[in-house]
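4 protein chains.
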Amino acid sequence: MIFGTKKGTPIIFPGTGTGGWESALTNTLSPGDKVLTFRYGQFSHLWVDMMQRMGLDVEVIECEWGEGADEERLAAALKKDTHKKIKAVCVVHNETTTGVTSDIAGVRAAMEGASHPALLLVDGVSSIGALDFQFDKWGVDVAVTGSQKALSLPTGLTVLAVSDKALASRAAAGSKRCYYDWADQLATNPAGSVPYTPSIPLLYGMQASLDLLKAEGMANVVARHARLAEGTRRAAAAWGLDLLCKHPRWRSDSLTVINAPAGIDSNLIVQEAYRRYNLSIGVGLSKVNGKVFRIGHLGNCDEVMQASALAGTEMALLSVGAKITPGAGVGAAIKYWAETSKVIPTR
Amino acid sequence: MIFGTKKGTPIIFPGTGTGGWESALTNTLSPGDKVLTFRYGQFSHLWVDMMQRMGLDVEVIECEWGEGADEERLAAALKKDTHKKIKAVCVVHNETTTGVTSDIAGVRAAMEGASHPALLLVDGVSSIGALDFQFDKWGVDVAVTGSQKALSLPTGLTVLAVSDKALASRAAAGSKRCYYDWADQLATNPAGSVPYTPSIPLLYGMQASLDLLKAEGMANVVARHARLAEGTRRAAAAWGLDLLCKHPRWRSDSLTVINAPAGIDSNLIVQEAYRRYNLSIGVGLSKVNGKVFRIGHLGNCDEVMQASALAGTEMALLSVGAKITPGAGVGAAIKYWAETSKVIPTR
Amino acid sequence: MIFGTKKGTPIIFPGTGTGGWESALTNTLSPGDKVLTFRYGQFSHLWVDMMQRMGLDVEVIECEWGEGADEERLAAALKKDTHKKIKAVCVVHNETTTGVTSDIAGVRAAMEGASHPALLLVDGVSSIGALDFQFDKWGVDVAVTGSQKALSLPTGLTVLAVSDKALASRAAAGSKRCYYDWADQLATNPAGSVPYTPSIPLLYGMQASLDLLKAEGMANVVARHARLAEGTRRAAAAWGLDLLCKHPRWRSDSLTVINAPAGIDSNLIVQEAYRRYNLSIGVGLSKVNGKVFRIGHLGNCDEVMQASALAGTEMALLSVGAKITPGAGVGAAIKYWAETSKVIPTR
Amino acid sequence: MIFGTKKGTPIIFPGTGTGGWESALTNTLSPGDKVLTFRYGQFSHLWVDMMQRMGLDVEVIECEWGEGADEERLAAALKKDTHKKIKAVCVVHNETTTGVTSDIAGVRAAMEGASHPALLLVDGVSSIGALDFQFDKWGVDVAVTGSQKALSLPTGLTVLAVSDKALASRAAAGSKRCYYDWADQLATNPAGSVPYTPSIPLLYGMQASLDLLKAEGMANVVARHARLAEGTRRAAAAWGLDLLCKHPRWRSDSLTVINAPAGIDSNLIVQEAYRRYNLSIGVGLSKVNGKVFRIGHLGNCDEVMQASALAGTEMALLSVGAKITPGAGVGAAIKYWAETSKVIPTR
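Chains as they are written, first to last, in the working numbering: chain U, 2 to 348; chain R, 2 to 348; chain X, 2 to 348; chain L, 2 to 348.
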């Protein structure tokens, strides 16, 4: 349901999204295989690092942090690959470092434009179940997510959808694998079994979580995330702060990454939120550390919870001496949410 | 600890605050005994009703809803009681209908001024554990609270502190009683036992809850409630709305009761908060129904949670067409909290 | 469902079975009213004590502990009451002190035999939901139970079924009452409300508990308790120990009370079970203290759980030097259960 | 504490014991490296399978199922390895398929006898935290366990202890690895961090679990498992059934694997236990399927719980027509436990 697929094969491992990445690579590729990917944040960077450690020949399209998967540069890179040596295109759908959501349909279009047969492997850890995701329609070959993001569960499951093409590539994939080998899952799951001890509580939890999403309806879930995100962006604007995400088309609806006011270390804002107001917001990771802070809005979350995060952030901004009008940010969000609110169907 | 007593005897019943009231009356009084009390809200009204049903001769000082225990009227009533027929003065410390906290020290002073020997029975259900309470210093004879307010537990325990004088009055108290008889508790508790099946989970819960309050320190707990309340009052002022509570000295730090904007049914505000924003705020009870709404701020609660309630209320006010500036109320609270914030000691 | 009634009115109070008793008395009777009851254990004794403290004129049919409600003695007492002064007959259905289940249908028959109009008030705390109970068919007027027995919940709710006749008696009932007054429940429940703060977690819990009983089917629930009880009785026989319950017709299916071996203090058995084997079985209460021990088998319980209790008891018996063959008791139960077992329907 | 090490480095991954195996191999070895191991059950078989899939050159000492790590055969194999090509000896400490506990001290002695420098990698999934384990004393290089066995937690953590020698081997280990790479843990753990999202609930759970084990004392924990196991073995003997484990020295104290009576399919016993008595015991895996059944006794477990399992098994044996005396098995266990019981220190 959350993957938007009727054709893909679901596979669940006890592990994290990082394990899902590894699984996507080792089951479809061999050491030495060429892959094409983007680096525009810490998570895409870590995936690149993993690809290299797994012995792949990685071509990285380097982007500024705050950009997404640029379809033109992708098309150009694919075009240069006249011998179709690139076996897979790997894209982080929603980059949690920068608040950037790339356009997977656009990526697929670029691949089709180049008539390129590579697999399309997508990290949907912080998007699937919260943002629109169309596995079948977008022609995704492997999509990876985890239990601890849009599913609002503890960490411990990584969940994949796999296309028939990706399954077929497994036979020739020479990467060593065992724990994250699809084969053992595929061999046992049809009989209702698993290859090694599963996490029963998380499987029950996932069932409950999917029931909640189903009851709300995925279209409504996606719309809710969009509403929460737009309120958060309006708050940032009212604080006079820019988003790290360069272009409106890439702005993430699952988290918003905001540039700290000039001259203020963003770590201090995060620290004050925690120390004074008992609120956890995200620091800037790696090369944007000190420059941005991150506010999440995915999973089981509504307007008043988000207002809580905005209010705490606003207080933290005041505590570090930012020149903002108290209430400006929360007020902008409130205005937007009140103007666009609907009655909750069950009320 | 939460009662502010070293001399009082604690008694715990499986029941609610209403049961604690009954216990306070039946263990100290006989049908026909005269009691003096105030009526200034639904809870003081219900206690008056109980007194009458228990066959007591109740003299009620009728007040406007929004007022507290007026010490002068109390003094006058006691003065008239030249034969000292009044056996007990019953006061609701914090009236949850109106957001009024009466001054129990002042009540005791009035009783002393009249050299009156009546017992002082206090309903502290929505105050004890959140607001300052000095059982010994204020000369309280019976104080009643419950598990579901400041202790942040489910409903199911009523907890009393009882003075030696109140205990001594038990022998002559002719009211029929059994379930809520102190005698059975007093007979069994010293040996670590109870007269009938206890609620073990709630007793463990209370221990945990008291540990949290102790770790924070009661003075800090009281200060936290004062901060949350002041922020809420500033929000109301920024919305241009009056409090039901007439006089600043009586304003409650555990909940705030706000008059609806002119021409707007307060039930509609509460309804919209629930229907559109998934927020539960309190309706006006009984004779202030439709006129006021209530925002709580007691128990395990901090600034960002309270901001959440204020933001939701503000959105509901906007949804019913109140003429307010989005962000004005939350902004006023945020400003106050940010200006007066301290680092949480454990951070 | 558990009461076996379609006509009775259900009433739920936050409190315990003891509160349910009080409620049954104060809502139907006036101080000075005559009531007829039996004393054959600690719980019937405590209810007698409550009746006396509530000012009722209590006629007690004194029985040996281990006997139940003797219908002939009841008939005789009712016959003597030529002026029909007895307002209520009060019977403990299942006496948890002695493991005796009285025959409520027989009690009603005796009342009908004497054409007596008294109300029939029944304590079903440790029977209803586990043993067969037919409120309508047996002509019960008030039946009382609690959340912590057959419903397998924490303590904190007392649940009543009330006949129209009992409801009608309320108007004339002069006992002072407030917390446990039916009136406030009857006035508010039809609108889905309650007169004072309810225990929400326990109400959800009760719903879940009733769902489980419903899924199993009450006839199956009753049969399960009978099976567990019979196994326990066979274990006692195999240990060479007598039951406290004198007559087979009165043997309880919700707990079994067993006489300690000659010369052995039963408290020691209970103590050794706890100290050495981490097992809680019941001491003998009041006048059978030291003489009997009690093994429960009601609520969410099956054969292997019960085997666990029997094994622990057997080890404790061995530890105190009882002359028994290891495995004899558990073996007798196992033999019976294995011979009579059925496949669980959902398996 | 549970590893018996002061020198080893602890590493925790979100994953299962299977992941721990992989981690032990990929961080110390390169494809093509020679390893020596035993196959005497399904879990040792699966580890062999993993070694082969990871590209290792695996020399397997094939044993009958029911045997443990034979030190003489190990010594012989090591002796033949004159060029010290064997890089690691891999041993499953407690084989959960067969109820066999191998002697790791003996394994180390055999390695020392051969003056062999290979690493000693040990699967302690179903032993560590329940059985005696001496990482330092036995010279173990990598020991692997999981959260869901002796720690009595849900599945989801694999926990390792790693010797300095094993850590040092990492640099040269050419196996591709990323998710289960020690390097990322070693780089982040000292600063209190982790390389990717951890399972916070399980980490808290492990702390609680270790607190319980510490309070009991590891020597007492080991003794408790030995007591439970001996009772279970006596039950099997009283049923006239043999253990799959050939030699007394190898009998596991964390689970017991019992041969089904002649002519009876062990799956039927397991099925009847589940269908009739709501008890889950283990089927025989792989080549002993149908021939044995398995009864666990590790983790948070005591005599009455174990009696419950034995009673249910006994009933299931009766249900499938085994010729046993009801109570014989449980009785033998009870006799042993009662004769050897001690007072629980906290009672």
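All C-beta atoms in this analysis are idealised placements derived from N, C-alpha and C, irrespective of residue type, glycine included.
Asked                                                                                                                                                                                                : Found
Going by C-alpha distance, which of X:R40, X:H226, X:A167, X:L47 is nearest E63 of chain X?                                                                                                          : X:R40
Write down every uninterrupted run of the beta strand (DSSP E) in the stretch 101 to 169 of chain U whose length is 3 residues or greater and which is fully enclosed by it, in chain order.         : 120 to 124, 143 to 147, 158 to 163
Can you grab the Cα-Cα spacing for the pair M55 of chain X / A70 of chain X, in whole Å?                                                                                                             : 23 angstroms
Report the neighbours of P327 of chain U on chain R: residues whose CB is nearer than 8 angstroms to its CB, in chain order.                                                                         : G332, A333, I335, K336, A339
Quick one: residues in its chain with C-beta nearer than 7 angstroms to the C-beta of T17 of chain L, no 5 flanking neighbours on either side, listed in chain order?                                : G147, T156, T159
Sort R:K150, R:S31, R:R276, R:E65 by Cα distance to H226 of chain R and report the nearest one.                                                                                                      : R:K150
Which residues of chain L have a Cβ atom closer than 8 angstroms to the Cβ of S309 of chain U, listed in chain order?                                                                                : Going along chain L, no residue has its Cβ under 8 angstroms from S309 of chain U, so there is no contact; the nearest lies around 21 angstroms.
Do L286 of chain R and T98 of chain R count as a contact pair if the criterion is CB distance below 8 angstroms?                                                                                     : yes
Examine the Cβ distances between the stretch 134 to 144 of chain R and the stretch 316 to 335 of chain U and report whether three or more of them are shorter than 8 angstroms.                      : no
Please report the distance separating the alpha-carbon of Q186 of chain U from that of K8 of chain U.                                                                                                : 17 angstroms
What does D303 of chain X touch in chain L if you count any residue whose Cβ is under 8 angstroms from its own?                                                                                      : Y278, N279
Once you ignore the five residues that flank A236 of chain X on each side, which residues in its own chain have a CB closer than 7 angstroms to its CB?                                              : L311, G330, V331, A333, A334
Which residues in chain U have a C-beta closer than 9 angstroms to the C-beta of Y275 of chain L? List them in chain order.                                                                          : Near Y275 of chain L there are no residues of chain U at all, since even the closest Cβ is about 15 angstroms away, more than 9 angstroms.
According to DSSP, is A220 of chain X part of a helix, a strand, or is it coil?                                                                                                                      : helix
Got a sec: which bits of the stretch 198 to 213 of chain L sit with their beta carbon under 8 angstroms from any beta carbon on chain U, in order along the chain?                                   : T198, P199, S200, I201, P202, L203
Considering only residues of the same chain and omitting the five flanking positions on each side of T189 of chain L, which have a CB-CB separation below 7 angstroms?                               : V195, P196
Rounded C-beta distance between V123 of chain L and L37 of chain L? I'm assuming under 8 angstroms.                                                                                                  : Contact flag wrong, Cβ pair sits at about 13 angstroms.
Do we get a CB-CB distance below 8 angstroms when we pair C179 of chain U with the residues of chain L?                                                                                              : yes
Between S31 of chain L and G125 of chain L, what straight-line distance do the alpha-carbon atoms span, to the nearest angstrom?                                                                     : 23 angstroms
For G1 of chain U, which residues does DSSP report across the bridge?                                                                                                                                : Because chain U in this structure spans residues 2 to 348, residue 1 of chain U falls outside the shown range and cannot be described.
Rounded to the nearest angstrom, what separates G130 of chain R and S281 of chain L at their Cα positions?                                                                                           : 48 angstroms
For S260 of chain X and S320 of chain X, what's the separation of their Cα atoms in angstroms?                                                                                                       : The question names Ser, but residue 260 of chain X in the sequence shown is Asn. Spanning the two alpha carbons is a distance of roughly 17 angstroms.
What residue does the alpha helix (DSSP H) around V305 of chain R start on, and which one ends it?                                                                                                   : 304 to 320
Buried or exposed: which applies to P249 of chain R, given that a residue is buried once 16 or more other Cβ atoms fall within 10 Å of its Cβ?                                                       : exposed
Check whether the stretch 80 to 94 of chain X touches the stretch 110 to 117 of chain X, counting contact only when three or more Cβ pairs, one atom from each stretch, lie closer than 8 angstroms. : yes
State the Cα-Cα distance for the pair V258 of chain U and A238 of chain U, rounded to the nearest angstrom.                                                                                          : 12 angstroms
Against G16 of chain U, what residues of chain L qualify as contacts under a CB-to-CB distance less than 8 angstroms, listed in chain order?                                                         : P15, G16, G20, Y180
Is the beta carbon of V101 of chain X within less than 7 angstroms of some heavy atom of the ligand GTP?                                                                                             : Questions concerning the ligand GTP fall outside what the structure shown contains, since it holds no ligand whatsoever.
Around the Cβ of Y278 of chain L, are there at least 16 other Cβ atoms within 10 angstroms (buried) or fewer (exposed)?                                                                              : buried
Distance check for K247 of chain X and D50 of chain X, CA to CA, integer angstroms please.                                                                                                           : 25 angstroms
Given that a residue counts as buried once 16 or more other Cβ atoms are within 10 Å of its Cβ, and exposed if not, what is A220 of chain X?                                                         : exposed
Starting from E60 of chain R, trace the alpha helix (DSSP H) in both directions and tell me its first and last residue.                                                                              : Element bounds for E60 of chain R: not the alpha helix (DSSP H) but the beta strand (DSSP E), 58 to 63.
Assuming A274 of chain R is part of the alpha helix (DSSP H), what are its boundary residues?                                                                                                        : 267 to 278
Provide the residue(s) that pair with L26 of chain X in DSSP beta bridges, ordered along the chain.                                                                                                  : Its beta-bridge partners do not exist; DSSP assigns none.
In the DSSP assignment, find the alpha helix (DSSP H) that holds V49 of chain U and state where it starts and stops.                                                                                 : 43 to 54
Hey, D182 of chain R and N28 of chain R are a contact pair by Cβ (cut 8 angstroms); roughly how many whole angstroms apart?                                                                          : 7 angstroms
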